[in-house]
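Using the numbering used here, the final residue of the sequence shown is 512, and nothing's skipped along the way. The beta-carbon is built from N, C-alpha and C at its ideal position, and this holds for glycine as well. Here's the structure, in structure tokens; my notes come after.
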Amino acid sequence: MNKIKVLVVDDSAVMRKSLTDILNSSKIEVVGTALDPYIAVNKIKQLSPDVLTLDIEMPRMDGLTFLRKLMIANPMPVIMVSAFTEKGALQTIQALEYGAVDFILKPRSDDAQERERFSTELREKVLAAAQIKSDRFTAKSREKAIEIEEKFTADVILPKTISKVRTTHSDVIIALGASTGGTEVIAQILSNLHENVPAIAIVQHMPEKFTEAFANRVNNNSKLYVKEASNGDRLYRGTALIAPGNRHMLVRADTNGYYVEINDGPPVNRHKPSVDVLFRSV
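Okay, here's the thing in structure tokens:
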């Protein structure tokens, strides 16, 4: 079995070494590293990696600009390495729109548990990214990458004041769950639904800060009312509730219909929120 070839792109020598040490294993080989996108372009041509890990903040060219160019010229699976900040969350959601298949948070501390979390997640995400079919990166994906900056309207400066909040009870609940590569799929599904569909409950495996940024971006591109769920939110028709990061979300019912419960229980199969928890509650 051939090893998955990875190119690590990061301006930090410490981070490049750390990622290399973590990834090199029986199934994965780091075939090269690059400290900026310009070097990365040449390494991609020379080494033909299966997966790229990409830092966002880099000199000469930032990761988002490079990603957008890469998805036009040479689409491939890219995993963003992101900081746990509000700015990092917004940049990461934008990267997923540009075509990145997933992201991972840089370790928030140097304790053993956090290092183990990062190492395990990184290897799993690289293995999953390598399995994403090549048709995920077709000409259609390239066209989307080219069009992204042309789709902005006055809404980015002054959002419309028309309320999308719904109050019609839903007798049917749609439950969606996704992990690696799922953000784009969920965004596409919601952007193509009409405003009177049954209520939708969604778990996307994402950390806190990131789910709110994701919900806001999807809401801006959908006829539905999309928001990060709060405890007790009602599931109305035309509404999509996304589980908040680091919290489980369950569907509950009372005499007035369906609503969501936000739960701070332990991770399930290392995920919090967990798709399994949502589906079992449904």
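I'd like to know whether the C-beta atoms of residue i and residue j end up nearer to each other than 8 Å.
{"i": "V481", "j": "V512", "result": "yes"}
{"i": "I286", "j": "Q343", "result": "no"}
{"i": "L282", "j": "G262", "result": "no"}
{"i": "V244", "j": "L253", "result": "no"}
{"i": "M291", "j": "P267", "result": "yes"}
{"i": "V415", "j": "M479", "result": "no"}
{"i": "I472", "j": "A459", "result": "yes"}
{"i": "I362", "j": "V331", "result": "yes"}
{"i": "I309", "j": "A270", "result": "no"}
{"i": "R477", "j": "P437", "result": "no"}
{"i": "K273", "j": "L237", "result": "yes"}
{"i": "V402", "j": "P428", "result": "yes"}
{"i": "L294", "j": "A405", "result": "no"}
{"i": "V356", "j": "I258", "result": "yes"}
Would you tell me roughly how many angstroms separate the C-alpha atoms of residue i and residue j, rounded to the nearest one?
{"i": "H399", "j": "L265", "result": "53 Å"}
{"i": "R345", "j": "L454", "result": "39 Å"}
{"i": "K439", "j": "D240", "result": "23 Å"}
{"i": "I430", "j": "Y488", "result": "11 Å"}
{"i": "R347", "j": "R500", "result": "9 Å"}
{"i": "R246", "j": "L352", "result": "13 Å"}
{"i": "K381", "j": "T485", "result": "Note that K381 has pLDDT 47, beneath the 50 cutoff, so the model's placement of it is unreliable and no number is given."}
{"i": "D385", "j": "E354", "result": "Because D385 sits at a pLDDT of 49, beneath the cut-off of 50, its placement in the model cannot be relied upon, and the following sentence gives the value as read from the coordinates. Roughly 38 Å separates the two Cα atoms."}
{"i": "M288", "j": "S242", "result": "9 Å"}
{"i": "F314", "j": "S339", "result": "11 Å"}
{"i": "F333", "j": "S409", "result": "11 Å"}
{"i": "A443", "j": "L326", "result": "12 Å"}
{"i": "S248", "j": "G407", "result": "31 Å"}
{"i": "K317", "j": "S256", "result": "35 Å"}
{"i": "L284", "j": "Q324", "result": "14 Å"}
{"i": "P307", "j": "P474", "result": "26 Å"}
{"i": "P305", "j": "T441", "result": "26 Å"}
{"i": "T250", "j": "A417", "result": "32 Å"}
{"i": "G329", "j": "L335", "result": "18 Å"}
{"i": "A369", "j": "T469", "result": "For A369, the predicted model reports a pLDDT of 45, less than 50, meaning its position is unreliable and no value from the coordinates is stated."}
{"i": "V505", "j": "P497", "result": "11 Å"}
{"i": "I234", "j": "T350", "result": "16 Å"}
{"i": "I419", "j": "A303", "result": "26 Å"}
{"i": "P337", "j": "N446", "result": "25 Å"}
{"i": "D494", "j": "N461", "result": "11 Å"}
{"i": "D280", "j": "G412", "result": "19 Å"}
Mapping the DSSP letters down to three states, classify residue i as helix, strand or coil.
{"i": "Q361", "result": "coil"}
{"i": "N493", "result": "strand"}
{"i": "V507", "result": "helix"}
{"i": "K355", "result": "helix"}
{"i": "A375", "result": "Residue placement at A375 cannot be trusted, given a pLDDT of 44 that sits under 50; what the coordinates show is reported in the next sentence. DSSP places A375 in helix when its eight states are reduced to three."}
{"i": "V238", "result": "strand"}
{"i": "V402", "result": "coil"}
{"i": "V535", "result": "Beyond the ends of the chain as shown, which are 231 and 512, falls residue 535; an answer cannot be given."}
For a cutoff of 8 Å on Cβ pairs, would you count residue i as touching chain B?
{"i": "A342", "result": "The displayed structure is made up of one protein chain only, and chain B is not part of it."}
Practice task
Answer yes if the stretch 406-425 comes into contact with the stretch 445-453, meaning at least three C-beta pairs across the two stretches below 8 Å, and no otherwise.
Solution key: yes
Exercise for the section: Pick out the complete beta strand (DSSP E) segments inside the stretch 259-343, 3 residues or longer, and give them in chain order. Expected result: 281-285, 308-312, 332-335
Practice task
Only counting runs of 3 or more residues, tell me where the beta strand (DSSP E) segments fall wholly within the stretch 416-495, in order along the chain.
Solution key: 429-434, 455-458, 469-472, 478-484, 487-493
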